[in-house]
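**Student:** After the structure tokens below, expect a handful of questions from me.
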Amino acid sequence: MASEVRTTCCYCGVGCGVIVSTDGQQVLGVRGDPDHPANFGRLCSKGSNLHQTARPLVQQQVRALAPALRVLRQGVRAPVSWEYAVEVAAGRIANAVQAYGPDSVAFYISGQLLTEDYYVFNKFAKGLLGTNNIDSNSRLCMSSAVAGYKQTLGADAPPACYEDIALADVVFIAGANMAYAHPVLYRRLEAARAARPEMKIIVADPRRTDTAAEATLHLPILPGTDVALFNGMLHLCLWEGFADQAFIAAHTEGFDAIRDAVRDFTPAHVAAICGIPEADLLQAARWFGSARAALSLYCQGLNQSSSGTAKNAALINLHLATGQIGKPGAGPFSLTGQPNAMGGREVGGMANLLSAHRDLADPQQRAEVAALWGVDAVPAERGLTAVEMFEAAAEGRIKVLWIACTNPAQSMPDQKLVRAALEKVDFVIVQEAFASTATVAYADLLLPATTWAEKEGTVTNSERRITRVRAALPKPGQARHDWEIAAQVARAVAAKLEKPGIRFDYPDPESVWNEHRASTRGRDLDITGLSYALLEQQGAQQWPYPEGAQAGRQRLYEDGVFPTPSGRARFVPTPYVPVAEPADARYPFQLNTGRLRDQWHGMSRTATSPQAFAHVAEPSLQMAPDDMARRGLAEGDLVHVTSRRATLILPVRADPGQRRGQVFMPMHWGPEYVSGRGPALGVNGLTVPAIDPKSFQPELKNAAVKVLKAELPWRFAVFAWVDEAQALRLQARLRSYYGRFAFAACTLFGRERCGVLFRAADDYAAAPALVSEIEALFGIEGALVLRYEDTRRGNARRMLVRDGQLQAVALAGDTAAEQWLRQLLETGADVRSLGRLLLSPSATAPQGFKARGKVVCSCLGVAEAEIAACLAAAAPGEDGLARLQGELKCGTSCGSCVPELKRMVAAAAQV
Ligand SMILES: Nc1nc2c(c(=O)[nH]1)N[C@H]1C(S)=C(S)[C@@H](COP(=O)(O)OP(=O)(O)OC[C@H]3O[C@@H](n4cnc5c(=O)[nH]c(N)nc54)[C@H](O)[C@@H]3O)O[C@H]1N2
Ligand SMILES: Nc1nc2c(c(=O)[nH]1)N[C@H]1C(S)=C(S)[C@@H](COP(=O)(O)OP(=O)(O)OC[C@H]3O[C@@H](n4cnc5c(=O)[nH]c(N)nc54)[C@H](O)[C@@H]3O)O[C@H]1N2
Ligand code: SF4
Ligand SMILES: [Mo]
Numbered sequence: 003m004a005s006e007v008r009t010t011c012c013y014c015g016v017g018c019g020v021i022v023s024t025d026g027q028q029v030l031g032v033r034g035d036p037d038h039p040a041n042f043g044r045l046c047s048k049g050s051n052l053h054q055t056a057r058p059l060v061q062q063q064v065r066a067l068a069p070a071l072r073v074l075r076q077g078v079r080a081p082v083s084w085e086y087a088v089e090v091a092a093g094r095i096a097n098a099v100q101a102y103g104p105d106s107v108a109f110y111i112s113g114q115l116l117t118e119d120y121y122v123f124n125k126f127a128k129g130l131l132g133t134n135n136i137d138s139n140s141r142l143c144m145s146s147a148v149a150g151y152k153q154t155l156g157a158d159a160p161p162a163c164y165e166d167i168a169l170a171d172v173v174f175i176a177g178a179n180m181a182y183a184h185p186v187l188y189r190r191l192e193a194a195r196a197a198r199p200e201m202k203i204i205v206a207d208p209r210r211t212d213t214a215a216e217a218t219l220h221l222p223i224l225p226g227t228d229v230a231l232f233n234g235m236l237h238l239c240l241w242e243g244f245a246d247q248a249f250i251a252a253h254t255e256g257f258d259a260i261r262d263a264v265r266d267f268t269p270a271h272v273a274a275i276c277g278i279p280e281a282d283l284l285q286a287a288r289w290f291g292s293a294r295a296a297l298s299l300y301c302q303g304l305n306q307s308s309s310g311t312a313k314n315a316a317l318i319n320l321h322l323a324t325g326q327i328g329k330p331g332a333g334p335f336s337l338t339g340q341p342n343a344m345g346g347r348e349v350g351g352m353a354n355l356l357s358a359h360r361d362l363a364d365p366q367q368r369a370e371v372a373a374l375w376g377v378d379a380v381p382a383e384r385g386l387t388a389v390e391m392f393e394a395a396a397e398g399r400i401k402v403l404w405i406a407c408t409n410p411a412q413s414m415p416d417q418k419l420v421r422a423a424l425e426k427v428d429f430v431i432v433q434e435a436f437a438s439t440a441t442v443a444y445a446d447l448l449l450p451a452t453t454w455a456e457k458e459g460t461v462t463n464s465e466r467r468i469t470r471v472r473a474a475l476p477k478p479g480q481a482r483h484d485w486e487i488a489a490q491v492a493r494a495v496a497a498k499l500e501k502p503g504i505r506f507d508y509p510d511p512e513s514v515w516n517e518h519r520a521s522t523r524g525r526d527l528d529i530t531g532l533s534y535a536l537l538e539q540q541g542a543q544q545w546p547y548p549e550g551a552q553a554g555r556q557r558l559y560e561d562g563v564f565p566t567p568s569g570r571a572r573f574v575p576t577p578y579v580p581v582a583e584p585a586d587a588r589y590p591f592q593l594n595t596g597r598l599r600d601q602w603h604g605m606s607r608t609a610t611s612p613q614a615f616a617h618v619a620e621p622s623l624q625m626a627p628d629d630m631a632r633r634g635l636a637e638g639d640l641v642h643v644t645s646r647r648a649t650l651i652l653p654v655r656a657d658p659g660q661r662r663g664q665v666f667m668p669m670h671w672g673p674e675y676v677s678g679r680g681p682a683l684g685v686n687g688l689t690v691p692a693i694d695p696k697s698f699q700p701e702l703k704n705a706a707v708k709v710l711k712a713e714l715p716w717r718f719a720v721f722a723w724v725d726e727a728q729a730l731r732l733q734a735r736l737r738s739y740y741g742r743f744a745f746a747a748c749t750l751f752g753r754e755r756c757g758v759l760f761r762a763a764d765d766y767a768a769a770p771a772l773v774s775e776i777e778a779l780f781g782i783e784g785a786l787v788l789r790y791e792d793t794r795r796g797n798a799r800r801m802l803v804r805d806g807q808l809q810a811v812a813l814a815g816d817t818a819a820e821q822w823l824r825q826l827l828e829t830g831a832d833v834r835s836l837g838r839l840l841l842s843p844s845a846t847a848p849q850g851f852k853a854r855g856k857v858v859c860s861c862l863g864v865a866e867a868e869i870a871a872c873l874a875a876a877a878p879g880e881d882g883l884a885r886l887q888g889e890l891k892c893g894t895s896c897g898s899c900v901p902e903l904k905r906m907v908a909a910a911a912q913v
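With this note's numbering as the guide, the letters of the sequence shown map in order to residues 3 to 913.
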């Protein structure tokens, strides 16, 4: 019997409501919840593909389904019972605490945990063990935003709400690519602009992203120069009389110092630092300063920086000086990345935070938390933040490291350090839903966790809105809920350490949440007026929502009172400091990293669906066409990308949105997808461990690199349709071959069917036995294989044809025919008429072959060539987008590709 369950998308901080239809065993489909105030029924390309990632065949192949323990350090893990796993974990932790003190244990958790999970982990570390060594991947994500808000406004609370997007007349997007990373909010921005075309959108981003391309004004600032930009805008606002003197006088402090501090940020000076025309700087400042309502939306371009806190504070200074806060359509609105980065901050689940926005340094506030938890005290000194934690671990100071719901062997900067740490720690616990991640390889104890559509609890989205997360499926295998695992181990540790006063006997997530709720009484985020029942009846609610309130607060600081001792917001001077590792003669490129539209981080979930690869099929480095030409690089050439810490080989692609001297690599391409001989480190092998001095957030958006052509004449490409119930297992097997080649990568392709692509390159031909072994994994063996061999040149081509269609193809040596052969396979073309052409050594593409290009609209599977042809046939003056939507239907489902379609329409209009 099919039923429907309302829950929340497990990806980004927009926090869209999702309705899951289920038969109780499987997810049958998903659609946006029309009543959810975050999305009103919309989902983006990732959300609308969630059901694909929850299929039983995915679960069977890649989920962690049983606890497993490594017996000897280098040995394999063997399944163990939960009872034994809990006993071992608790024993290891208790022993470490007794032998080396509580700070020898560390927890590295995640903004993708639910609030209830987070709460239990935090109580475990700070309350039971007495260590503040609990930090989360939010350190890589939101900690500069937290520090920026606290410095200026007095509390970690985004003051604006989603509705403000519809009410702003200037929207300033800084260091955020909303079209990719917050798509459903971006749909709201598109709608607002369509309703009020006079709305101005300014985007500050070194790259011309889809978001930037659609802006009224794009400021392609040089990496890391945001503080200079914001100080320069403030300078101009003060100079040109846009300051709101009444607001400054009534509601702020420290203005005089800031006025002096920005005096030197003259337009000419700032334009030179930022590498933008002075006129554009003036335009941006004037639009912002004269706006009735100006809203800033910002994310990792500001946060992931060694001056991340200053970038946040400088932008907030600009809002305070112009009075653009606490009113409809205005405010500095930090977009949260993960679905529950906010909830993690609320429970204080980080090394320098305390429950319910309390201050770790305040003895009174610590005593309140200790009393709530039934312990004598909670530790006063801040604990190790993410990068520091791994540094300490590499030095042998951490004996037990418990990692939950994050994949640090992919996502942390400076992977060599991270690997050294994971190897050094005596006992690594990894609590994961998917067994396919790089970090799982380091687990001494693997604890299988439930995940989206299986767990119950709450999350808080970017606009402070608390939403219920609900289970539609039973727990798979032996997986358990995150809060449940943490509480179970905590009870066992409490017994061993003889600490009966602190309780972890929660019957359900609601009881955990009720305890968290009690901790918020009287705080800025007071939610004592909320309950699971109310969320059930009235839907998602914003905080604060104190007892007696009839509704949550939509917008903060409308009364001009800020949660600082004086009640005034504070101006904070923000000197401009360049990036930690600027480009130089030896490392002449600045490497920027960030998101793709259809993938999520380490891709453990998104990449279980071949459709997620339709938009971007393979790992690559993006470079300005000019830079490529000057270095003699052609599209798809393999390059060595080398930073001071590591080197990585991957193909290069031209990106006209890239400025000269800068390169971009999607953050998703970790060691699971691209590697080669030597340690498999992925994108973050290259990045720097430099951190912001206040937020401790690492500078993931800038590293100096050099890019040199990789001379690897021997190429190998195998691609085939495979049984979807085996594809992910095959991919896991193929990963074990990465280290046999100088370069190797493995991805999926297809829509209705599932294909696997393995690609490798080397400076000499691989042993024939190795090649055959890999081909055999794809089924390319036996009498039915069509073969062409040129042993003299080392070229080989082997393929399987079934019912007139290509089933599997392997190319070794020269792989120039790959593109058209792959398209023939992917489109299921009848190849019988091609006969010998398929195997002829010099074969160029068959006559009439046209490359389809990448798929732009992933919902409808519409590719570049079809779009170009449709636009070429347009009548003069015809609305290109409307034509595409009418003829090809692309961009009519989730809308995530609409910005790119518009870009293609504009480009076509120029020819
Ligand atoms: N599709 C998709 N969506 C996601 C995620 C995902 O993995 N995939 N992850 C979610 C998470 S956890 C997060 S934190 C958010 C991140 O969301 P965003 O921050 O919007 O995404 P990024 O691509 O990391 O970075 C945004 C932009 O910052 C720019 N940038 C780099 N350096 C600078 C600089 O010095 N100054 C300025 N002004 N800009 C700079 C980059 O060019 C990039 O376009 O996305 C969330 N949404
Ligand atoms: N170079 C570079 N690096 C970056 C960034 C960047 O922009 N550039 N961005 C940084 C940012 S902002 C972020 S947020 C991080 C993200 O980095 P990670 O946290 O490493 O990213 P995910 O791949 O989302 O990891 C979440 C893990 O939890 C698992 N999981 C999913 N659901 C559950 C569950 O319910 N319970 C448990 N226990 N496990 C579950 C998933 O399989 C996955 O392996 O990456 C950071 N790293
Ligand atoms: S915008 Fe997309 S990824 Fe983000 S919550 Fe909504 S559906 Fe999920
Ligand atoms: Mo993030």
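Ideal Cβ placement from N, Cα and C applies to all residues, glycine included. What you are looking at is a predicted structure, and each value in this text was computed from that prediction instead of being measured.
Looking at C-beta atoms only, is the number of pairs between the region 749-757 and the region 718-728 that lie closer than 8 Å three or more?
**Tutor:** As far as the Cβ criterion goes, the region 749-757 touches the region 718-728, which means the pair count is three or higher.
**Student:** At 4 residues or longer, what runs of the alpha helix (DSSP H) sit wholly inside the region 135-199?
**Tutor:** Taking only runs of at least 4 residues, the alpha helix (DSSP H) segments lying wholly in the region 135-199 are 145-154, 166-169, 180-183, 185-197.
**Student:** Within 10 angstroms of the Cβ of P621, are there 16 or more other Cβ atoms? Answer buried if so, exposed if not.
**Tutor:** On the sequence shown, position 619 is the one that residue 621 refers to. That one is buried.
**Student:** Is Y182 near ligand 1, with its Cβ less than 7 Å from a heavy atom?
**Tutor:** In the sequence shown, counting from the first residue as 1, residue 182 sits at position 180. At least one heavy atom of ligand 1 is nearer than 7 Å to the Cβ of Y182, so yes.
**Student:** Can you look up Y508 in the DSSP assignment and give me helix, strand or coil?
**Tutor:** By one-based count along the sequence shown, residue 508 stands at place 506. The answer is coil: DSSP assigns Y508 none of H, G, I, E or B.
**Student:** Could you have a look at V563 and say whether DSSP puts it in helix, strand or coil?
**Tutor:** Position 561 of the sequence shown, counted from the first residue, corresponds to residue 563. Coil at V563, not helix or strand.
**Student:** Would you check if there are 3 or more beta carbon pairs closer than 8 Å linking the region 278-287 to the region 678-695?
**Tutor:** The region 278-287 vs the region 678-695: no contact.
**Student:** Within the chosen definition, does the region 656-672 reach the region 348-365 through at least 3 CB pairs nearer than 8 Å?
**Tutor:** With a cut-off of 8 Å, the region 348-365 and the region 656-672 do not count as touching, because too few Cβ pairs lie within range.
**Student:** Can you tell me whether Q821 is helix, strand or coil according to DSSP?
**Tutor:** Reading the sequence shown from its first residue, position 819 is the one you call residue 821. Of the three classes helix, strand and coil, the one that applies to Q821 here is helix, per DSSP.
**Student:** Could you check what DSSP says for N594 in three-state terms: helix, strand or coil?
**Tutor:** Residue numbering aside, residue 594 sits at position 592 when the sequence shown is read from its first letter. Strand.
**Student:** What residues match up with E791 in a beta bridge as DSSP calls it?
**Tutor:** To locate residue 791, count along the sequence shown from 1; it is residue 789. Paired residue(s): A798.
**Student:** D507: which of R523, P878, I487 sits nearest, CA to CA?
**Tutor:** Position 505 of the sequence shown, counting from 1, holds the residue named residue 507. Minimum Cα distance to D507 is reached at I487.
**Student:** If distances are taken between C-alpha atoms only, which option among G43, A553, E348 comes closest to D158?
**Tutor:** Taking the sequence shown and counting its residues from 1, the one referred to as residue 158 is at position 156. Of the listed residues, the one whose Cα sits closest to D158 is E348.
**Student:** When the Cα atoms are used, what is the spatial distance from T133 to A394?
**Tutor:** Locating residue 133 in the sequence shown gives position 131, where the first residue counts as 1. Locating residue 394 in the sequence shown gives position 392, where the first residue counts as 1. C-alpha separation (whole angstroms): 14 Å.
**Student:** Going by DSSP, what residue range makes up the beta strand (DSSP E) through P450?
**Tutor:** Position 448 of the sequence shown, counting from 1, holds the residue named residue 450. P450 -> beta strand (DSSP E) spans 447-450.
**Student:** Regarding C163 and ligand 4, is the C-beta to nearest heavy atom distance less than 7 Å?
**Tutor:** Here residue 163 corresponds to residue number 161 of the sequence shown, with the count starting at 1. It does not: the Cβ of C163 is nowhere closer than 7 Å to a heavy atom of ligand 4.
**Student:** Let me check understanding here. Comparing Cα to Cα, which of T462, A763, S513 lies closest to G15?
**Tutor:** As a first step, residue 15 is located in the sequence shown; it is residue number 13 there, counting from the start. That would be T462, whose Cα lies nearest to the Cα of G15.
**Student:** Reducing DSSP to helix, strand and coil, say where G468 ends up.
**Tutor:** Locating residue 468 in the sequence shown gives position 466, where the first residue counts as 1. Strictly speaking, residue 468 in this sequence is Ile, with Gly absent from that position. Correct three-state label for I468: strand.
**Student:** Within the continuous alpha helix (DSSP H) that includes S413, where are the two ends?
**Tutor:** Locating residue 413 in the sequence shown gives position 411, where the first residue counts as 1. Taken as a continuous stretch (DSSP letters only), the alpha helix (DSSP H) holding S413 covers 410-413.
**Student:** Near ligand 4, which residues have their beta-carbon closer than 6 Å to a heavy atom?
**Tutor:** Checking every Cβ against the heavy atoms of ligand 4 under 6 Å gives C143, G339, Q340.
**Student:** Any chance you could list the alpha helix (DSSP H) runs of at least 4 consecutive residues sitting entirely within the region 205-237, in chain order?
**Tutor:** List check, alpha helix (DSSP H) in window: 212-215.
**Student:** Rounded to the nearest angstrom, what separates P565 and R523 at their Cα positions?
**Tutor:** Taking the first residue of the sequence shown as 1, we reach residue 565 at position 563. Taking the first residue of the sequence shown as 1, we reach residue 523 at position 521. Roughly 15 Å between the two C-alpha positions.
**Student:** Does DSSP put K128 in a helix, a strand or coil?
**Tutor:** Residue 128 sits at position 126 when you count from the first residue of the sequence shown. Helix.
**Student:** Use the C-beta contact count for K696: other C-beta atoms within 10 angstroms, 16 or more gives buried, fewer gives exposed.
**Tutor:** Mapped onto the sequence shown, residue 696 falls at position 694. So K696 counts as buried.
**Student:** Mind checking who L813 pairs with in its DSSP beta bridge?
**Tutor:** Mapped onto the sequence shown, residue 813 falls at position 811. Answer is A719, R799, bridged to L813.
**Student:** Of all the options C143, F429, F392, which has the alpha carbon lying nearest to the alpha carbon of A91?
**Tutor:** Mapped onto the sequence shown, residue 91 falls at position 89. Of the listed residues, the one whose Cα sits closest to A91 is F429.
**Student:** Name the one or two DSSP bridge partners that R360 has.
**Tutor:** In the sequence shown, residue 360 corresponds to position 358, counting from 1. Answer by DSSP bridge pairing, in chain order: L356.
**Student:** As a quick exercise: from D446, L823, S521, C861, pick the residue whose alpha carbon is nearest that of L971.
**Tutor:** Absent from the structure is residue 971, since the part of the chain shown begins at 3 and ends at 913.
**Student:** Quick one, are the C-beta atoms of A451 and L475 less than 8 Å apart?
**Tutor:** In the sequence shown, counting from the first residue as 1, residue 451 sits at position 449. In the sequence shown, counting from the first residue as 1, residue 475 sits at position 473. The answer is no: Cβ separation not under 8 Å.
**Student:** Can you give, in chain order, each stretch of the alpha helix (DSSP H) that sits fully within the region 22-65 and has at least 4 residues?
**Tutor:** Within the region 22-65, the complete alpha helix (DSSP H) runs of at least 4 residues are 52-55, 58-64.
**Student:** So who's on the other strand from K457, going by DSSP bridges?
**Tutor:** Here residue 457 is taken as the residue at index 455 of the sequence shown, counted from 1. Answer by DSSP bridge pairing: none, since K457 is not bridged.
**Student:** Can you tell me whether G837 is helix, strand or coil according to DSSP?
**Tutor:** For this step, residue 837 is matched to residue 835 along the sequence shown. Three-state DSSP puts G837 in a helix.
**Student:** Whole-angstrom Cβ separation of F718 and V773, contact assumed at under 8 Å?
**Tutor:** As a first step, residue 718 must be located in the sequence shown, where it is residue number 716. As a first step, residue 773 must be located in the sequence shown, where it is residue number 771. Yes, F718 and V773 are in contact; Cβ-Cβ is about 7 Å, under 8 Å.
**Student:** Check D629 in the structure and name its three-state DSSP category.
**Tutor:** Sequence index remark: in the sequence shown, residue 629 carries index 627 (1-based). Helix.
**Student:** Counting only the same chain and skipping the five closest in sequence on each side, list residues whose C-beta sits under 7 Å from that of V7.
**Tutor:** For the purposes of this step, residue 7 is identified with residue 5 of the sequence shown, where counting begins at 1. Correct list, in chain order: V22, T24, R472, A474.
**Student:** Quick one: grab the DSSP three-state call for D764.
**Tutor:** Numbered from its first residue, the sequence shown carries residue 764 at position 762. Strand, per DSSP.
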